[in-house]
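> Residue numbers (the numbering used here): 359 to 830. Note that beta-carbon positions come from the ideal geometry of N, C-alpha and C, so glycine has one too. If you're wondering where the values come from, they're calculated on a predicted model, not measured in any experiment. Dropping the structure in here first, questions after.
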Amino acid sequence: MAQITFLGAIEGVTGSMYLIETRESKVLLDCGLFQGRKVEEEANLQPLPFDISAIDAVVLSHAHLDHSGRTPLLVKQGYSGPIFMTRPTCDLIEVLLKDAASLQERDVFWENKRRKRAGKKEIEPLYTMADVEEVLGLCIGVGYYQKINIADGIGVRFSDAGHILGSSIVEIFVEEGGKEKKLVFSGDLGNSEAALLRDPDAIKSADILLMESTYGDRDHRSMEDTLVEFEGILQEAFENGGNILIPSFALGRTQELIFRLGELYQQGKIKHRAIFLDSPMAIAVTEIYHRYQNVYSDEDKEVIQNSSKNIPLHKQSLHTLLPILRYSTTTEESMELNKIEGGAIIIAGSGMCNGGRIRHHLKHNLWRKQSHVIIVGFQAAGTPGRALVDGAKKYKIAGEEISVRAKIHTLGGFSAHASKTQLLDWLSNFEGKKPPLYLIHGEAKAKESLLKSVQQQGWSASIPELGQVITF
359 MAQITFLGAI EGVTGSMYLI ETRESKVLLD CGLFQGRKVE EEANLQPLPF DISAIDAVVL
419 SHAHLDHSGR TPLLVKQGYS GPIFMTRPTC DLIEVLLKDA ASLQERDVFW ENKRRKRAGK
479 KEIEPLYTMA DVEEVLGLCI GVGYYQKINI ADGIGVRFSD AGHILGSSIV EIFVEEGGKE
539 KKLVFSGDLG NSEAALLRDP DAIKSADILL MESTYGDRDH RSMEDTLVEF EGILQEAFEN
599 GGNILIPSFA LGRTQELIFR LGELYQQGKI KHRAIFLDSP MAIAVTEIYH RYQNVYSDED
659 KEVIQNSSKN IPLHKQSLHT LLPILRYSTT TEESMELNKI EGGAIIIAGS GMCNGGRIRH
719 HLKHNLWRKQ SHVIIVGFQA AGTPGRALVD GAKKYKIAGE EISVRAKIHT LGGFSAHASK
779 TQLLDWLSNF EGKKPPLYLI HGEAKAKESL LKSVQQQGWS ASIPELGQVI TF
């Protein structure tokens with residue numbers, strides 16, 4: 359009998375990790391960071407909860423750090439086997455892991471300066487750039503829908519999850535005693551109303567099913583309503599004469615925004631003279647998106663092609679859809695943007711305003727009543743972005759307090775995750791006898807709500823506990 363152990367993304371939405379074992383092989387499915395509050399992130403400091411020397415292969419569903427971010431720890435602690443993922447994920451993971459290592463090395467450098475002055479013991483980063491380079495040497499990119507063997511008696515096939523570029527629904531095939539059984543891991547399923555990517559693929563059969571439940575208790579605002587409001591904000595800001603600041607996550611959300619702005623530009627609805635993408639990481643990710651336009655939805659590929667009929671297909675991109683887009687790569691170029699008093703749209707990280715270049719743009723624009731800030735992503739409690747959404751009158755950066763006079767807008771439709779209704783629709787594709795269903799990757803409220811709904815539809819469903827082992 360094969361078995362699976364639930365090792366992460368069980369008591370929340372981060373730290374995705376599942377150990378699949380047969381008599382002959384052991385495969386790790388996802389190896390993600392715990393993210394969020396300090397007490398949650400401290401779990402990353404604990405030794406990995408299995409014998410690393412026994413792991414034959416690692417499979418990653420997609421590039422987000424809560425699914426991939428502990429792979430450098432795995433390598434640091436002795437793993438040297440293959441890490442399988444889709445080809446776009448191979449490219450994206452390099453950007454994300456290098457950025458994570460750089461931030462950890464920088465933060466530890468400054469922390470150790472303080473510790474030296476206080477006579478305290480110095481600390482080490484969770485992992486370094488050297489650890490990341492080792493990970494990258496183990497990565498193996500696989501095409502969608504290609505079934506391959508990854509260990510004795512274990513195969514894998516990736517289908518499109520439609521969440522971010524390269525995201526996958528993972529099918530794990532286990533052969534024992536001449537019989538094959540299939541475990542399906544939904545990964546993070548995409549929002550079918552989001553731009554660029556295709557809808558999640560339909561999977562029709564499984565012997566055991568693990569499904570995410572991030573938005574298991576609610577539906578998103580419709581994209582149609584979101585875009586109408588977005589257009590109105592852009593027009594209002596243009597009439598006011600101020601800048602628009604959009605804090606955005608580098609992977610997925612930024613590319614969605616560029617596409618939506620491009621659509622509006624092609625319709626003559628954007629009057630601002632320039633749109634600046636001021637995030638080296640988001641720029642790198644956007645260029646990777648350009649290389650994999652073959653996985654875009656047919657509808658959105660057509661939008662890009664219709665905007666640039668005089669440009670060869672291989673040169674068409676989000677840039678041709680939005681020709682007023684400008685990249686700000688250097689620190690000097692970023693600083694120059696702070697001299698612009700009006701007429702610009704600036705997209706920068708971080709998405710929750712707790713780091714990155716957006717903080718300095720907020721410093722130079724929040725006090726202007728003609729400025730606008732558009733919040734397009736979830737803002738965790740305790741972050742500056744959440745404070746702005748909640749109506750903060752002051753914004754603090756580097757010890758300086760800035761009055762908040764800009765108009766703050768919140769747009770709720772730009773989610774890369776499937777809503778509750780979309781999750782239920784995806785489940786409806788399974789034919790015949792329903793497999794045992796385990797709900798993971800969600801907060802307690804979301805999982806409990808989704809659990810009731812799926813049970814009402816006849817699913818034998820449950821919410822696993824951390825460390826729980828099941829056989830199949």
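I think Ser383 touches Gly511, with their Cβ atoms under 8 Å apart; what is that distance to the nearest whole Å?
Indeed, because the Cβ distance is near 6 Å, the residues count as touching under 8 Å.
> What residue range does the beta strand (DSSP E) around Glu759 cover?
From DSSP, the beta strand (DSSP E) with Glu759 extends over 758-761.
> Assuming contact is defined by CB atoms lying nearer than 8 Å, are Thr572 and Gly370 in contact in what I supplied?
no
> Taking C-beta to C-beta, are Gly548 and Ala509 nearer than 8 Å?
Between Gly548 and Ala509, the CB-CB gap reaches or exceeds 8 Å.
> Is it the case that the Cβ atoms of Glu759 and Lys752 are separated by a distance below 8 Å?
yes
> Within the region 481-558, note down every full alpha helix (DSSP H) run reaching 4 residues or more, in order along the chain.
Whole alpha helix (DSSP H) segments, 4+ residues: 487-494.
> Compute the beta-carbon to beta-carbon distance between Ile362 and Phe788, rounded to the nearest angstrom, for a pair I have assumed lies under 8 Å.
Rounded, the Cβ-Cβ distance is 19 Å, inconsistent with contact.
> Distance, Cα to Cα, Ala367 vs Leu808?
16 Å
> Can you give the Cα-Cα distance for Phe303 and Lys479, rounded to whole angstroms?
Residue numbering for the chain in the displayed model covers 359 to 830; residue 303 lies beyond these limits and cannot be assessed.
> Residue range of the beta strand (DSSP E) that Pro605 falls in?
602-605 is the extent of the beta strand (DSSP E) around Pro605.
> Could you name the residues of the same chain whose beta carbon sits closer than 6 Å to that of Asn598, not counting the 5 residues immediately before and after it, in chain order?
Correct list, in chain order: Gln728.
> Assuming Leu418 and Met569 make a contact with CB atoms under 8 Å, what is their CB distance in whole Å?
Incorrect: roughly 18 Å between the Cβ atoms, too far for contact.
> Under 8 Å, do Phe364 and Gly713 count as touching if we go by C-beta distance?
no
> Ala360 and Val542 - do their beta-carbons sit closer together than 8 Å?
no
> Could you tell me which of Val812, Glu806, Tyr623 sits nearest to Ser786, measuring between CA atoms?
Val812
> In three-state terms, what does DSSP make of Ala560?
Here Ala560 sits in coil by DSSP.
> Could you name the residues of the same chain whose beta carbon sits closer than 6 Å to that of Leu567, not counting the 5 residues immediately before and after it, in chain order?
Val542, Pro793, Leu795
> Give the range of the beta strand (DSSP E) segment to which Lys754 is assigned.
In the DSSP annotation of this structure, the continuous segment of the beta strand (DSSP E) that includes Lys754 starts and ends at 752-755.
> Considering just the uninterrupted stretch of the beta strand (DSSP E) at Lys765, what are its terminal residues?
765-768
> Short check: CB of Leu554 to CB of Leu454, under 8 Å?
no
> So which of Ala488, Gln613, Ser637, Gly373 has the shortest CA-CA distance to Met693?
In this structure, Ser637 is the residue among Ala488, Gln613, Ser637, Gly373 with its C-alpha nearest to the C-alpha of Met693.
> Output needed for Ser411: all residues of its chain with C-beta closer than 7 Å, excluding positions within five of it in sequence on either side, in chain order.
Gly436
> Can you give me the Cβ contacts of Thr444 inside the same chain, cut-off strictly under 7 Å, excluding the 5 residues immediately before and after it?
These residues qualify, in order along the chain: Gly499, Val500, Tyr502, Phe516, Gly524, Ser526.
> Note the first and the last residue of the continuous alpha helix (DSSP H) segment covering His677.
676-679
> Which of the three DSSP states is assigned to His425 in this structure?
helix
> Could you give the DSSP three-state label for Val466: helix, strand or coil?
helix
> Can you tell me whether Gly735 is buried or exposed? The criterion is at least 16 other CB atoms within 10 Å of its CB, across all chains shown.
buried
> Report the option in Glu463, Ala401, Val385, Val416 whose CA atom is closest to the CA atom of Ile373.
The sequence shown places Gly at residue 373, not Ile. The shortest C-alpha separation from Gly373 is found at Ala401.
> For Asp388, which residues from the same chain have a beta carbon less than 7 Å from its beta carbon, with the 5 sequence-adjacent residues on both sides left out?
Ser374, Met375, Tyr376, Leu418, Ser419, His425
> Between the region 735-748 and the region 578-585, are three or more C-beta pairs nearer than 8 Å?
no
> Is the Cβ-Cβ distance between Ala756 and Asn723 less than 8 Å?
no
> Might you give, ordered along the chain, the residues of its own chain that have their beta carbon closer than 7 Å to the beta carbon of Glu621, omitting 5 neighbours on each side?
Within the same chain, Glu621 has close Cβ partners Val661.
> Curious, which full-length alpha helix (DSSP H) runs of at least 4 residues does the region 621-707 contain?
638-649, 656-664, 676-679, 689-695
> Whole angstroms is fine: what's the gap from Thr689's alpha carbon to Ile705's?
15 Å
> Got a sec? Which residues, its chain only, sit under 7 Å from Asp559 by beta carbon, not counting five neighbours each side?
Ser517, Asp518, Ile527
> Cβ atoms of Ala804 and Ala552: under 8 Å apart, would you say?
no
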